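*Asks:*
Residue numbers (my numbering): 53 to 597.
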């Protein structure tokens with residue numbers, strides 16, 4: 053082999069020598085062009101600083117130049133992060149931060165509330181999933197990226213901030229004054245649905261997410277769980293490494309989890325499971341929705357491609373890219389999209405936002421969206437095959453194996469429209485009711501039921517806020533009202549975990565997941581049943597009594 057390689061190397065060297073002059077000329081021309089571009093930028097900056105009709109700070113001009121470059125990329129995930137926000141970004145990855153208690157993401161042209169964390173100032177004052185943030189402290193945020201908006205929302209604990217939002221069904225902006233607080237977000241909440249089925253909700257992929265999830269599921273198994281509902285709904289993602297590690301909990305050693313593709317050589321990598329399946333044989337149903345993004349999609353995609361879990365719910369957000377944070381002088385950072393990622397079957401789940409008419413698809417009945425806010429169909433997606441030969445599709449997020457939309461009835465939509473006309477949130481009203489009720493009726497039993505007195509008092513609250521609702525409509529939306537009252541009564545009396553348990557007790561997606569787990573001894577049973585009673589990626593058939 054040495055004898056063969058020597059002449060090849062000689063030919064390469066000769067070619068390089070012959071081309072050397074041309075290469076040197078091109079390099080010199082490139083350096084001259086780069087120097088010209090830098091001179092142009094400095095010249096424009098100096099003219100504006102000296103002669104523009106209004107005084108503009110030089111630092112602001114450089115920030116505008118950076119923002120302009122990033123904006124022209126057309127990528128909402130590539131942003132400049134100033135020093136103060138970089139500190140907040142680090143705090144956020146630990147699961148602790150100071151602020152309002154919302155998760156936001158750039159959707160289209162606006163920073164949008166992806167989810168509202170239970171028990172936080174944002175929830176108490178009525179911010180809703182799907183709200184577009186259009187102003188902070190009376191200043192328009194048009195053109196701002198998510199990092200800049202977050203920077204303005206965060207601040208000293210105890211100080212208020214005025215947030216202006218645009219909401220579906222409300223024709224005028226809504227102004228909310230929210231007092232900042234120290235936010236601690238436990239990434240995992242878990243409980244036993246019954247004596248055999250456990251449920252664990254992972255709300256973010258912070259640095260301790262994997263170990264906290266492992267501990268939570270281990271506790272459920274020790275309590276008798278023979279099936280698991282893993283709830284990733286509303287989870288916007290977080291650290292890629294945590295997405296990989298959470299996937300590793302359920303896959304055999306050596307199984308591919310995600311592959312990153314980049315122009316940067318050291319970012320082309322296939323991540324493999326490094327440990328054995330921590331819960332071998334445990335049947336799992338993973339719940340996803342339109343707000344499940346990034347690391348959530350890594351987990352759902354890996355488990356779907358390896359036939360390790362049944363995916364149920366509505367299509368996920370569709371963020372198939374990876375960002376790298378670069379340190380800049382002065383403690384600033386540049387967050388830049390440097391790679392795309394693919395599931396083990398080779399799927400890209402990146403959704404093309406430009407073809408969609410709806411920013412965020414949500415199944416949270418707290419939003420009470422009117423008709424016409426379902427996902428918009430896209431071009432025919434590329435088809436892939438799982439390890440077991442099942443068909444899955446790329447693009448448009450993770451498409452569940454079983455589609456179940458926790459949709460509203462016509463009466464509930466009418467009720468929601470009336471609330472929106474009055475710029476009211478049923479969650480906020482239920483919270484206010486729960487605080488007052490628990491204050492006046494201490495000693496609420498953990499297994500309480502909603503009474504007629506509670507319903508009557510809540511109706512009085514609605515009417516006092518100007519909600520026009522007759523008794524017939526109120527009776528027809530009673531299940532919805534009861535669910536919110538029970539959730540907020542449990543939240544104020546017993547905390548977030550009990551609120552989650554009470555809320556999920558009546559959620560259609562959770563009920564369908566539990567029903568499937570009860571009928572399955574293995575993951576294979578789950579997948580065969582889903583393939584047998586409906587075609588892959590088709591809606592769940594109606595429940596029967």
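Backbone N, C-alpha and C fix where the C-beta goes; we use that ideal spot for every residue, glycine too. These figures come from a predicted structure and were not determined experimentally.
#1: Which same chain residues end up closer than 8 angstroms to residue 117 when comparing Cβ atoms and leaving out the 5 residues on each side of it in sequence?
#2: Going by C-alpha distance, which of 448, 225, 354, 504 is nearest residue 292?
#3: Please check if any C-beta of chain B sits within less than 8 angstroms of the C-beta of residue 524.
#4: Buried or exposed, going by whether 16 or more other CB atoms sit within 10 Å of the CB of residue 168?
#5: Counting beta carbon pairs with one atom in the stretch 223-236 and one in the stretch 539-548, are three or more of them shorter than 8 angstroms?
#6: Since residue 533 and residue 507 should fall inside the 8 angstroms C-beta cutoff, what is the C-beta to C-beta distance between them, to a whole number of angstroms?
#7: Kindly list the residues whose CB is nearer than 8 angstroms to the CB of residue 303, restricted to its own chain and excluding five residues on each side of it in sequence; keep chain order.
#8: By how many angstroms is the C-alpha of residue 201 removed from the C-alpha of residue 218?
#9: Is residue 108 helix, strand or coil by DSSP?
#10: Residues in the same chain with beta-carbon distance under 8 angstroms from residue 319, minus the five sequence neighbours each way, listed in chain order, please.
#11: Secondary structure at residue 544, three-state DSSP: helix, strand or coil?
#12: So, residue 351 versus residue 295, is the Cβ gap smaller than 8 angstroms?
#13: Buried or exposed, going by whether 16 or more other CB atoms sit within 10 Å of the CB of residue 114?
#14: Quick check: what's the CA-CA separation for residue 343 versus residue 288?
#15: With a threshold of 16 other CB atoms inside 10 Å of the CB of residue 237, please say whether the residue is buried or exposed.
#16: Locate the alpha helix (DSSP H) running through residue 351, then write down its first and last residues.
#17: Pick helix, strand or coil for residue 409, following the three-state DSSP scheme.
#18: Taking 7 angstroms as the limit between beta carbons, can you name the residues of its chain near residue 496, skipping five residues before and five after?
#19: Is DSSP giving residue 580 helix, strand or coil here?
#20: Cα separation between residue 332 and residue 555?
#21: DSSP on residue 467, reduced to helix/strand/coil?
#22: Taking residue 450 and residue 363 to be in contact with their CB atoms under 8 angstroms, please state how far apart those CB atoms are, rounded to whole angstroms.
#23: Exposed or buried, which one is residue 155 when buried takes at least 16 other CB atoms within 10 Å?
#24: From what residue to what residue does the beta strand (DSSP E) around residue 131 run?
#25: So, with DSSP's three-state summary, where would you put residue 318?
#26: Are the stretch 477-493 and the stretch 510-521 in contact at 8 angstroms, needing three or more beta carbon pairs?
#27: In the DSSP assignment, find the alpha helix (DSSP H) that holds residue 487 and state where it starts and stops.
#28: In the DSSP output, which residue or residues are listed as bridge partners for residue 229?
#29: Are the stretch 188-202 and the stretch 245-258 touching by the rule of at least three beta carbon pairs closer than 8 angstroms?
#30: Please check the pair residue 453 and residue 582, which I expect to be a contact at CB under 8 angstroms, by giving their CB distance rounded to whole angstroms.
#31: Please determine whether the Cβ atom of residue 357 lies at a distance below 7 angstroms from any heavy atom of the ligand PLP.
#32: Take residue 502 as the anchor and find which of 476, 339, 531, 568 has the nearest alpha-carbon.
#33: Once you ignore the five residues that flank residue 317 on each side, which residues in its own chain have a CB closer than 8 angstroms to its CB?
#34: Mind checking who residue 436 pairs with in its DSSP beta bridge?
#35: What are the residues that DSSP puts in a beta bridge with residue 625?
*Replies:* Taking the coordinates as given:
#1: 93, 97
#2: 354
#3: No chain B is present in this structure, which holds just one protein chain.
#4: buried
#5: no
#6: 7 angstroms
#7: 309, 325, 329, 354, 355, 358, 360
#8: 15 angstroms
#9: coil
#10: 312, 374, 376, 390, 391
#11: helix
#12: yes
#13: exposed
#14: 6 angstroms
#15: buried
#16: 347-357
#17: Low confidence applies here, because residue 409 scores a pLDDT of 36, under 50, leaving its location unreliable; read the following figure in that light. Residue 409: coil per DSSP, three-state reduction.
#18: 490, 541, 545
#19: helix
#20: 29 angstroms
#21: helix
#22: 6 angstroms
#23: buried
#24: 131-133
#25: helix
#26: yes
#27: 478-492
#28: 214
#29: no
#30: 5 angstroms
#31: Although the ligand PLP was asked about, the structure shown includes no ligands whatsoever.
#32: 531
#33: none
#34: 444
#35: Residue numbering for the chain in the displayed model covers 53 to 597; residue 625 lies beyond these limits and cannot be assessed.
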